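Q: Below you'll find the structure I mean.
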Amino acid sequence: MKSKSLIIASAMLLAVCGYMQAQSTQVIAHRGFWKTGGSAQNSVASLVKADSIGCYGSEFDVWLTADNRLVVNHDATFKGVNMQKSTAWQCTAVVLDNGEQLPTLQQYLEKAKGLKTRLILELKAHKTPEQETRAVEGIVKMVKDMGLEERMEYITFSRHATKEFIRLAPQGTPVYYLEGDLSPKELKEWGCAGPDYHFSVFRKHPEWIEECHDLGMKVNAWTVNDTKDMKWLISRGIDFITTNEPVKLQEILRQKP
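Residue numbers for the sequence shown follow numbering that gives the first Met the number 0, beginning at 0 and rising by one.
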């Protein structure tokens with residue numbers, strides 16, 4: 000009887016731990032909450048809508064233009080306009096699918112000041128390290144001037160830009176690397192907050208999630224839209240999931256195991 004009671008108690012403890020673990024996973028809206036009426040990827044509306052449904056964070060992408068301005072957009076060339084080779088005026092003349100004009104970073108952050116969601120800024124990899132350094136310098140200065148330092152997190156595929164964010168952003172600012180080719184130990188040595196890798200990387204290296212936690216780092220996976228992948232990552236104790244389906248993920252997280 001005593002042995003049976005211990006087994007039951009252990010099972011209950013595991014269930015409780017699993018539930019608490021699931022609740023600890025946070026939702027990041029990929030390019031904002033754009034799969035809803037009146038929204039579009041990387042639009043100001045997508046930021047507002049991500050905030051309105053209580054997302055932990057809203058991810059967005061940033062480029063440095065030919066005249067050293069910062070604009071928000073994902074693709075290197077969008078609707079015929081190359082972000083790095085064009086002026087800010089040419090970039091912001093582009094109309095998004097919801098009717099908004101492509102925003103500057105300043106316009107995007109101005110709207111963010113009145114919201115609560117964290118700002119997950121991805122600096123796109125540029126053609127030269129010099130461009131990336133100018134971009135990081137401009138971003139860090141703008142964020143400071145707008146009083147948003149405590150709500151910012153930075154992500155990038157570029158090794159150079161990752162190191163520049165770590166060097167220039169206030170100490171303790173979360174900086175994550177996206178490429179998926181570095182181990183937890185290597186990221187820790189760089190000073191990263193953790194990996195922000197495609198979920199397939201964690202399928203290949205599931206042990207990395209626990210290794211990161213043992214090293215005091217957080218872990219994010221992108222871009223996770225399938226229910227079974229979401230549940231697998233949650234069961235592994237993932238800290239953040241970046242998704243195009245934030246409402247679906249929120250519903251999964253509300254379910255008890």
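For glycine and all other residues, C-beta sits at the position ideal for the given N, C-alpha and C.
Small disclaimer: the values here were computed from a predicted structure and weren't measured.
From the DSSP secondary-structure annotation, give me the bridge partner or partners of Leu69.
A: To locate residue 69, count along the sequence shown from 1; it is residue 70. Leu69 is bridged to Leu63.
Q: If I follow the unbroken alpha helix (DSSP H) through Thr103, where does it start and stop?
A: Position 104 of the sequence shown, counted from the start, is the residue given in the question as residue 103. No alpha helix (DSSP H) contains Thr103, which DSSP labels as neither H nor E.
Q: Pull the bridge partners of Gln25 from the DSSP assignment, please.
A: Stepping through the sequence shown from its first residue, residue 25 is reached at position 26. Answer is Phe239.
Q: In this structure, how does DSSP classify Val200 when only helix, strand and coil are distinguished?
A: For the purposes of this step, residue 200 is taken as the residue at position 201 of the sequence shown. Three-state DSSP puts Val200 in a helix.
Q: Can you tell me the Cα-Cα spacing of Leu252 and Asp228, whole angstroms?
A: To locate residue 252, count along the sequence shown from 1; it is residue 253. To locate residue 228, count along the sequence shown from 1; it is residue 229. The straight-line gap from Cα to Cα measures roughly 13 Å.
Q: First and last residue of the alpha helix (DSSP H) that includes Ala262?
A: Nothing can be reported for residue 262, as the shown portion of the chain is limited to 0 through 256.
Q: Is the CB of Asn41 under 9 Å away from at least one CB in chain C?
A: The question asks about chain C, but that chain is absent: this structure has only one protein chain.
Q: If contact is defined by three or more beta carbon pairs under 8 Å, each pair taking one atom from either stretch, is the stretch 236-248 in contact with the stretch 84-100?
A: Contact between the stretch 84-100 and the stretch 236-248 is absent, because fewer than three Cβ pairs lie under 8 Å.
Q: Can you grab the Cα-Cα spacing for the pair His197 / Glu121, in whole Å?
A: Mapped onto the sequence shown, residue 197 falls at position 198. Mapped onto the sequence shown, residue 121 falls at position 122. Taking the straight line joining both Cα atoms gives about 14 Å.
Q: Taking the C-alpha atoms as reference points, what is the distance between Ile154 and Thr103?
A: Taking the sequence shown and counting its residues from 1, one reaches residue 154 at position 155. Taking the sequence shown and counting its residues from 1, one reaches residue 103 at position 104. Taking the straight line from one Cα to the other gives about 18 Å.
Q: Below 6 Å CB to CB, which residues in the same chain sit around Leu118 once its five sequence neighbours on both sides are set aside?
A: Here the question's residue 118 lines up with position 119 in the sequence shown. If we look at Leu118 and ignore the five residues flanking it on each side, its Cβ neighbours are Ala111, Arg150 and Met151.
Q: Nearest by alpha-carbon distance to Lys123: which of Asn81, Val223 and Met141 is it?
A: Taking the first residue of the sequence shown as 1, we reach residue 123 at position 124. The residue with the shortest Cα to Cα distance from Lys123 is Asn81.
Q: Who does Gly56 pair with in a DSSP beta bridge?
A: By one-based count along the sequence shown, residue 56 stands at place 57. DSSP lists Ile27 and Arg117 as partners of Gly56.
Q: Skipping 5 residues on each side, what residues in its chain have a beta carbon closer than 7 Å to that of Glu178?
A: On the sequence shown, residue 178 is found 179 positions in, with the first residue counted as 1. Same-chain partners within the cutoff: Phe156.
Q: Using the three-state DSSP reduction, which class does Glu188 fall into: helix, strand or coil?
A: What you label residue 188 is simply residue 189 of the sequence shown in a count that begins at 1. In the structure shown, Glu188 sits in a helix (DSSP, three-state: H, G or I).
Q: Which stretch, first to last residue, makes up the alpha helix (DSSP H) that contains Trp231?
A: As a working note, residue 231 is residue 232 in the sequence shown. Element bounds for Trp231: Thr226 to Ser234.
Q: For Pro262, does the count of other Cβ atoms within 10 angstroms reach 16, so buried, or fall short, so exposed?
A: With the chain covering 0 to 256 only, the question about residue 262 has no answer from this structure.
Q: Specify, as a first and last residue, the run of the beta strand (DSSP E) that Glu152 falls within.
A: Position 153 of the sequence shown, counted from the first residue, corresponds to residue 152. First-last of the beta strand (DSSP E) with Glu152: Met151 to Thr155.
Q: Which same chain residues end up closer than 6 Å to Lys187 when comparing Cβ atoms and leaving out the 5 residues on each side of it in sequence?
A: Counting from one through the sequence shown, the residue named residue 187 turns up at place 188. These residues qualify, in order along the chain: Leu214.
Q: Please state if the CB of Ser42 and the CB of Gly53 are separated by a distance shorter than 9 Å.
A: Position 54 of the sequence shown, counting from 1, holds the residue named residue 53. Position 43 of the sequence shown, counting from 1, holds the residue named residue 42. Going by C-beta atoms, Gly53 is not nearer than 9 Å to Ser42.
Q: By Cβ distance below 8 Å, which residues in the same chain neighbour Leu108 in space, the five residues on each side in sequence not counted?
A: Here residue 108 refers to the residue found at position 109 when the sequence shown is read from its first residue. Leu118, Met141, Val142, Met145 and Leu147, listed in sequence order.
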